[in-house]
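Engineer: To start, I am sharing the structure in question, which I have written as structure tokens.
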Amino acid sequence: MLSYVRGWLKAVEDDPAIASRDAAFAALRTLGLDDFGEALMLMPLPEFPRLSALLPAMASPEVQEEWTGESGYDLLRKSCSFVRSLSYNYARISGRQLSDATAILDYGCGYGRIARLLYYFVATDRVIGVDPWDRSIAECEAAGLGPGFRLSGYLPESLPVAETIFDLAYAFSVFTHLSHRATLAAVEALRRHMKPGGVLCITVRPLEYWDREGPWQAPEVRDRLKQHHVGQGFAFVPHDRPPIDGDVTYGDTSMSFEWIDHNMVGWTRVGVDRSLEDPYQIYVFLRAG
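To get this note's numbering, take the position in the sequence shown, counting from 1, and add 14.
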């Protein structure tokens, strides 16, 4: 951490007027996004006990590795790249700043990796996270992220968000792992909770993903997956997981833009972006019809 950031945190720590989480986040928003993210990544910090008590604790490196395969600064750089794209493209598509969004959904929130960075733009009560894995929600609760993180279904017919209608939803590294059936169930459930003109960002894998190392490295498996991507627009190899209602919903997935356009009913593809920090996560932006 650079000395000017440490000094900023010391000023927040020593300010008696900053006595709530939202007040602490408001003060930290005067930093840049990466410095904001670094401060949250390092929480709790013993030298700032009052600020550490107000802000959520970061998941352990072991949890970060288990959920994403990375941890620390390498993972933070990728997360910040995605959030910058999310902010820019939301403004471009909607004509509104991300800070104006009244409700944001983190679909497949994991331990709250991306949600923490959304607090750079909006108050904590504007972000809801859902995830079908109970361990993810337990990690969010243990970190002190609050009641806005809830357990969802693997094949959702609805979402545990009551009547909330969202301006923005995002699903980072979620549709890169879903079966055909789970993909369609997710986009239908998401559509029911989006405002007309609301923006959804999903990440998908390109054809070239199958050239990487993985359980599909047998030439006949790799070639079959690439043929499915080219010919059908969708390729999926399941992991060794128990089925949900007869369907193994989780594995590795790629899909084409044409498949998205044809199959994601009620959505219009309005943008594509990518970060060279994480080159096989393609950001696809969809607008609710």
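Backbone N, C-alpha and C fix where the C-beta goes; we use that ideal spot for every residue, glycine too.
These numbers come from a predicted model, not from an experiment.
So the candidates are Ser95, Ala25, Ser17; which of them puts its Cα closest to the Cα of proline 63?
Structural biologist: By one-based count along the sequence shown, residue 63 stands at place 49. Of the candidates Ser95, Ala25, Ser17, the one whose C-alpha sits nearest the C-alpha of proline 63 is Ala25.
Engineer: Might you give, ordered along the chain, the residues of its own chain that have their beta carbon closer than 8 Å to the beta carbon of isoleucine 128, omitting 5 neighbours on each side?
Structural biologist: For the purposes of this step, residue 128 is taken as residue 114 along the sequence shown, with counting starting at 1. The residues are Ser93, Phe96, Val97, Asp120, Tyr184, Phe186.
Engineer: Could you pull the start and end residues of the alpha helix (DSSP H) that phenylalanine 39 belongs to?
Structural biologist: Numbered from its first residue, the sequence shown carries residue 39 at position 25. Counting along the chain, the alpha helix (DSSP H) containing phenylalanine 39 begins and ends at 35 to 42.
Engineer: Would you kindly check if the distance between the Cβ of tryptophan 273 and the Cβ of glycine 303 is under 8 Å?
Structural biologist: One-based indexing of the sequence shown puts residue 303 at position 289. One-based indexing of the sequence shown puts residue 273 at position 259. The Cβ atoms of glycine 303 and tryptophan 273 lie no closer than 8 Å to each other.
Engineer: If you draw a straight line from the C-alpha of arginine 288 to the C-alpha of tyrosine 223, how long is it?
Structural biologist: As a working mapping, residue 288 is identified with position 274 in the sequence shown. As a working mapping, residue 223 is identified with position 209 in the sequence shown. For arginine 288 and tyrosine 223, the distance between alpha carbons rounds to 14 Å.
Engineer: So what's proline 252 in DSSP terms, helix, strand or just coil?
Structural biologist: Residue mapping note: residue 252 aligns to position 238 of the sequence shown, counting from 1. Strand.
Engineer: Do arginine 301 and valine 213 have their beta-carbon atoms positioned less than 8 Å apart in this structure?
Structural biologist: Against the sequence shown, residue 213 aligns to sequence position 199. Against the sequence shown, residue 301 aligns to sequence position 287. Yes, these two residues count as a Cβ contact at 8 Å.
Engineer: According to DSSP, is isoleucine 107 part of a helix, a strand, or is it coil?
Structural biologist: The residue you call residue 107 lines up with position 93 of the sequence shown. Three-state DSSP puts isoleucine 107 in a helix.
Engineer: Give the DSSP bridge partners of glycine 143, in chain order.
Structural biologist: Position 129 of the sequence shown holds residue 143. DSSP output for glycine 143 lists Asp120, Phe163 as bridge partner(s).
Engineer: Counting only runs of 4+ residues fully inside the stretch 194 to 237, write out the alpha helix (DSSP H) ranges in chain order.
Structural biologist: Taken in chain order, the complete alpha helix (DSSP H) segments of 4 or more residues contained in the stretch 194 to 237 are 194 to 205.
Engineer: Is it true that the stretch 246 to 255 meets the stretch 158 to 173, where meeting means three or more beta-carbon pairs spaced less than 8 Å apart?
Structural biologist: no
Engineer: Can you tell which of Ala115, Tyr102, Gln241 has its C-alpha closest to the C-alpha of serine 268?
Structural biologist: Counting from one through the sequence shown, the residue named residue 268 turns up at place 254. Nearest C-alpha to serine 268: Gln241.
Engineer: Please state the DSSP three-state secondary structure of isoleucine 258.
Structural biologist: In the sequence shown, residue 258 corresponds to position 244, counting from 1. Residue state, collapsed to three classes: strand.
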